[in-house]
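Working notes for the structure below.
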Amino acid sequence: MLNRAKQSGTHAIAAILLILGLITAPTVHAQDENEDAKVKGRIQKLINGQQPKSLEDVVALEEQVTKLVPDLMKATVGIRVGPAQGSGVIVGTEGYVLTAAHVAGRPNRRAFIILEDGTAITGETLGLNNTIDAGVIKITQEDWDPNNWPHAEIGDSDSVKLGQWCIAMGHPGGFQPDRNPVVRFGRVIHKYHDVVTTDCTLIGGDSGGPLFDLTGKVIGIHSRIGPELTHNVHVPISAYKNESWDRMLAGERWGDAPRAPFIGVRGSSEEGNCLIAEVIEGSPASVAGIKPNDVIIKFANEKISNFDSLILAVGIRRPGEVVDVVVQRGDEEVALQLTIAQAGGVNPEDSEGQEQEENSNDDKDQPDKSDDSRSRLPLQPQLVDEQGGIASEKAVDLSLQSVSWIRSIMMLKPAGLYERNHVTIRQAFDKVIEKSGECTVRITSGKQSLALGTIVSEKGYIITKASQLKGDKVRGDIECVFADGSKRPIEIAAINEQHDIALLKVNGKRKLVAVQIADDVEVPIIGSWVITPGLSSTPLTIGVVSTKPRAIKGGLLGVLLGESEESVFVERVFPGSAADRAKMNRGDVILSVNGKEVENRQMLIDLVRSHLPGETLKFKIKRGEEQVEIDATLGRESDVFGSEALPRGDIGGPLSERRSGFPAVFQHDTVVKPNECGGPLLDTNGKMIGMNIARAGRVSSYGLSAKIVAEVITSLMAEAEGDESADKDE
């Protein structure tokens with residue numbers, strides 16, 4: 018009996034354990050499901066445009082973007098139609114490529130579509146809507162197999178909301194074999210029936226590229242930019258649907274590009290506000306009831322601080338759009354409504370139905386002569402810095418005075434409510450700064466802020482951008498300002514010229530907290546966050562990794578190129594450039610570079626881009642009926658445009674003087690000023706994954722990877738401490 022009792026007890030215990038196991042296992046599974054549901058719910062809210070409120074939200078955004086990026090890059094293509102370059106996106110399985118109308122030019126033109134891996138396939142332009150800037154190209158490659166080609170899905174732009182997150186891709190400056198489609202991440206800041214505007218920064222060469230939502234579907238096509246970094250205008254994907262789509266597939270071309278927005282007031286910012294001095298009779302402002310001596314305090318729900326900010330607020334709007342305006346009139350605020358018009362007094366609707374006649378004798382590869390320079394994104398000669406000294410379209414003249422005030426406003430203006438860099442978004446990253454500690458300092462000279470610095474050793478060592486410590490910017494002794502506001506004198510201990518890094522040594526005793534370098538991140542993942550800390554508990558600015566690392570050579574030839582089926586030839590030589598010094602002429606056909614036969618325009622660009630300023634290249638030229646050899650020593654951008662030149666890539670603010678000649682940097686879309694370089698780039702764990710080394714253009718800042726930075730630190734500290742030991746021995 019006893020044995021049976023023991024046996025029964027054992028069975029009972031086993032049964033209890035089994036029952037507990039059956040109960041416990043589903044509980045764990047349920048917890049996992051609940052956690053998955055929370056994560057999915059968080060991502061869905063972010064997809065719908067909710068602001069990230071915590072570090073967990075920030076990480077969820079990053080995971081969604083990095084998951085989508087590889088496939089989206091495959092669907093994003095470079096486009097070449099005649100001498101013009103742009104971007105596009107393959108949609109569906111029938112071989113259609115969406116792009117901008119001003120990239121396609123007109124129907125029935127030969128096009129080359131360049132895939133992510135550099136493979137070029139053939140296509141033909143179809144119809145286009147010039148009013149909206151929508152165009153389509155059909156892939157004509159004979160071995161086209163829809164099952165083996167990348168493509169993206171069409172989304173819904175009608176449901177896009179203000180503040181919604183989005184991903185922009187394209188080929189700024191034109192396709193470059195050593196660079197993936199450039200990734201930018203931002204938010205929708207303005208929407209009208211025929212435009213979507215985001216703070217995903219664009220530049221020439223991006224035209225026609227895709228704007229994706231956070232499900233990876235195309236919601237827009239890049240069209241043009243305004244003066245602000247946040248003025249990036251996209252054609253809504255709805256413009257490619259229904260009747261418009263049928264017309265484009267049929268090869269129709271219709272509409273005219275709309276003129277600039279116009280409201281009809283004059284004023285100034287001298288009084289520190291937006292005081293209206295004059296209202297043009299019959300203008301939208303006059304019709305709305307705006308009067309002289311009114312002070313505009315709100316325009317389209319945006320606070321207006323001065324007349325210059327009103328200009329920028331109007332610039333983002335679309336003719337025909339109705340906006341709310343609030344003016345201060347004496348002691349009262351008056352609410353008004355205003356309908357935006359077009360400069361020149363043309364109603365936007367008047368051009369919708371106008372169709373343009375085609376000249377049947379036009380050659381397929383002749384450039385389009387229509388005027389599409391109104392804020393479109395052509396490749397500018399000023400973009401030669403990114404193109405290896407070569408560009409292919411006409412310049413848009415931009416006065417130095419107008420750009421200077423745009424720059425000054427932009428660098429002081431706080432980010433708007435729906436922008437990625439708004440303070441409420443940056444505050445979601447506060448835990449990142451808390452994790453990293455007070456590892457960032459500011460380097461100053463007199464009242465001049467020179468750069469940010471990164472504390473790399475408790476022994477008092479700090480690194481920064483070396484070229485920021487030279488020239489007129491340095492006005493006296495160099496000091497280091499810490500997060501608590503205290504200052505210490507510093508000395509330059511060693512410099513690495515190749516990577517533009519200076520090692521500084523703090524004088525005086527002070528306990529320093531060194532940055533944690535992420536030794537497990539060799540190359541940051543494209544689409545992942547990079548956080549730039551300042552001296553406060555909230556990040557200075559945020560962005561995402563745009564490209565894999567590559568060399569930035571920066572040698573400049575200084576020509577505009579044309580290309581035919583038979584040759585690559587010089588269309589223009591810029592005064593003061595390497596080409597000018599070498600006596601290149603308009604019409605010269607370039608046959609070879611350093612003995613390598615030039616097969617096409619892109620090959621020539623790549624050959625030039627692979628060399629540094631100061632290197633001499635040997636060009637074989639056909640000039641008329643004779644062949645000549647020319648030696649050209651590559652220069653820098655300043656040779657062509659001078660120290661006062663302000664290229665379109667610079668509209669977003671000043672650029673670093675040293676922004677080329679780096680062996681390997683990754684590009685990111687963070688907006689930093691030149692004097693904010695030298696500090697760390699952090700990941701969401703608060704670890705240093707790179708260092709801001711240059712502000713390079715409207716769409717690009719450069720970072721050195723943590724691996725390179727760590728190697729340079731080790732070398733410079735050994736050099737500095739070796740010098741200290743030698744001094745002690747003496």
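Residue 18 is where the sequence shown starts when you use this note's numbering, and the numbers rise one by one after that. Yeah, the Cβ is synthetic: ideal placement off N, Cα and C, and Gly gets one too. All values derive from a computational prediction rather than experimental measurement.
Q.
For residue 555 and residue 437, which I take to be in contact (beta-carbon distance under 8 Å), what is that distance rounded to the nearest angstrom?
A. In fact, because the Cβ distance is near 14 Å, the residues do not count as touching under 8 Å.
Q) Helix or strand or just coil, what does DSSP make of residue 270? A) Correct three-state label for residue 270: strand.
Q | Neighbour-count burial assignment, residue 524, 16 or more Cβ in a 10 Å radius | A | When all chains shown are included, residue 524 counts as exposed.
Q: Just tell me which of 205, 731, 678 and 243 has its CA closest to the CA of residue 627.
A: Ranking the options by Cα distance to residue 627, first place goes to 678.
**Q.** residue 679: first and last residue of the uninterrupted beta strand (DSSP E) it sits in
**A.** Residue 679: member of the beta strand (DSSP E) spanning 679-685, first to last residue.
Q | For residue 718, the three-state DSSP class (helix, strand or coil) | A | For residue 718, the three-state secondary structure derived from DSSP is strand.
Q.
Looking at the strands, I want to know which residues DSSP matches up with residue 212.
A. DSSP output for residue 212 lists 209 as bridge partner(s).
(Q) Let's test the definition: count the other Cβ atoms within 10 Å of the Cβ of residue 210 and tell me whether it reaches 16, buried, or not, exposed. (A) When all chains shown are included, residue 210 counts as exposed.
Q. Whose CA, out of 292, 308 and 499, lies closest to the CA of residue 298?
A. Ranked by how close their Cα comes to the Cα of residue 298, the residues 292, 308 and 499 have 308 in first place.
**Q.** Beta-carbon spacing of residue 135, residue 98 below 9 Å
**A.** A distance of 9 Å or more separates the beta carbons of residue 135 and residue 98.
(Q) Can you tell me whether residue 259 is buried or exposed? The criterion is at least 16 other CB atoms within 10 Å of its CB, across all chains shown. (A) With fewer than 16 other Cβ atoms inside 10 Å of its own Cβ, residue 259 counts as exposed.
Q) Can we say the segment 228-245 touches the segment 169-180, given the rule of at least three CB pairs closer than 8 Å? A) Output reads yes: the segment 169-180 touches the segment 228-245.
Q) If we ignore side chains and look at the alpha-carbon of each, how far apart do residue 565 and residue 265 end up? A) Looking at the two C-alpha atoms, the distance is approximately 36 Å.
Q. What's the C-alpha gap between residue 638 and residue 583?
A. Residue 638 and residue 583: Cα-Cα distance of roughly 14 Å.
Q) In terms of residue numbering, what span does the alpha helix (DSSP H) encompassing residue 84 cover? A) It spans 72-92 - the alpha helix (DSSP H) in which residue 84 sits, taken as one unbroken run.
Q: Would you mind stating whether residue 714 and residue 653 have Cβ atoms separated by less than 9 Å?
A: Taking 9 Å as the Cβ cut-off, residue 714 and residue 653 do not qualify as a contacting pair.
Q: Output the distance between the C-alpha atoms of residue 475 and residue 526, rounded to the nearest integer angstrom.
A: Going by the C-alpha atoms only, they are around 11 Å apart.
Q. Pick from 514, 459, 440 and 685: whose alpha carbon is nearest that of residue 547?
A. Comparing Cα positions, the closest option is 685.
**Q.** Closest residue to residue 90 among 558, 132, 79 and 60 (Cα-Cα distance)
**A.** Considering only alpha carbons, the answer is 132.
Q. In this structure, what does DSSP give as the bridge partners for residue 182?
A. As computed with DSSP, residue 182 is found in a beta bridge with 204.
Q: In the DSSP assignment, find the unbroken beta strand (DSSP E) run with residue 234 in it and report its ends.
A: Note, residue 234: beta strand (DSSP E), 234-242.
(Q) According to DSSP, simplified to helix, strand and coil, what is residue 119? (A) Helix, per DSSP.
Q | Cα-Cα separation between residue 553 and residue 505, rounded to whole angstroms | A | Computed Cα separation, rounded: 18 Å.
Q.
Using a Cβ distance threshold of 8 Å, determine whether the segment 110-127 contacts the segment 137-155, with at least three qualifying pairs required.
A. Contact between the segment 110-127 and the segment 137-155 is present: 3 or more CB-CB pairs across the two stretches fall below 8 Å.
Q: Please confirm if the segment 476-496 is in contact with the segment 689-704, defined as three or more CB-CB distances below 8 Å between the two stretches.
A: Touching, yes, given that three or more Cβ pairs across the two stretches are closer than 8 Å.
Q: Enumerate in chain order the residues of its own chain whose CB-to-CB distance from residue 702 is below 8 Å, with the five nearest sequence positions on each side excluded.
A: Here the set comprises 449, 452 and 535.
Q. Which residue's Cα is closest to the Cα of residue 717: 347, 218 and 495?
A. Of all alpha-carbon atoms in 347, 218 and 495, the one lying nearest the alpha-carbon of residue 717 is that of 218.
Q.
Using 8 Å for Cβ pairs, my map puts residue 276 next to residue 360. What's the rounded Cβ distance?
A. Taking 8 Å as the upper bound for CB-CB distance, residue 276 and residue 360 are in contact here, some 5 Å apart.
Q) Is it buried or exposed for residue 517, if we count other Cβ within 10 angstroms and need 16 for buried? A) A residue is called buried when at least 16 other Cβ atoms come within 10 angstroms of its Cβ; residue 517 meets this threshold and is buried.
Q: Examine the Cβ distances between the segment 239-247 and the segment 320-334 and report whether three or more of them are shorter than 8 Å.
A: The segment 239-247, when compared against the segment 320-334, does touch it at the 8 Å Cβ threshold.
Q.
If the criterion is Cβ atoms closer than 9 Å, does the pair residue 601 and residue 576 meet it?
A. Against a cut-off of 9 Å, the Cβ pair of residue 576 and residue 601 comes out as a contact.
Q) Hey, residue 316 and residue 286 are a contact pair by Cβ (cut 8 Å); roughly how many whole angstroms apart? A) The pair is not a contact, with the Cβ atoms about 14 Å apart (cut-off 8 Å).
**Q.** Distance between beta carbons of residue 168 and residue 110, contact taken as under 8 Å
**A.** Under the criterion of beta carbons closer than 8 Å, residue 110 and residue 168 qualify as touching, at roughly 6 Å.
Q. Apart from the five residues on each side of it in sequence, which residues of its chain come closer than 7 Å, Cβ to Cβ, to residue 466?
A. 459 and 692.
Q.
Given this structure, state the Cα-to-Cα distance separating residue 230 from residue 105, to the nearest angstrom.
A. Using only the alpha carbons, I get a separation of about 16 Å.
Q) So, is residue 445 buried or exposed, given that buried needs 16 or more other C-beta atoms within 10 angstroms? A) By the neighbour-count rule (16 or more Cβ atoms within 10 Å), residue 445 is buried.
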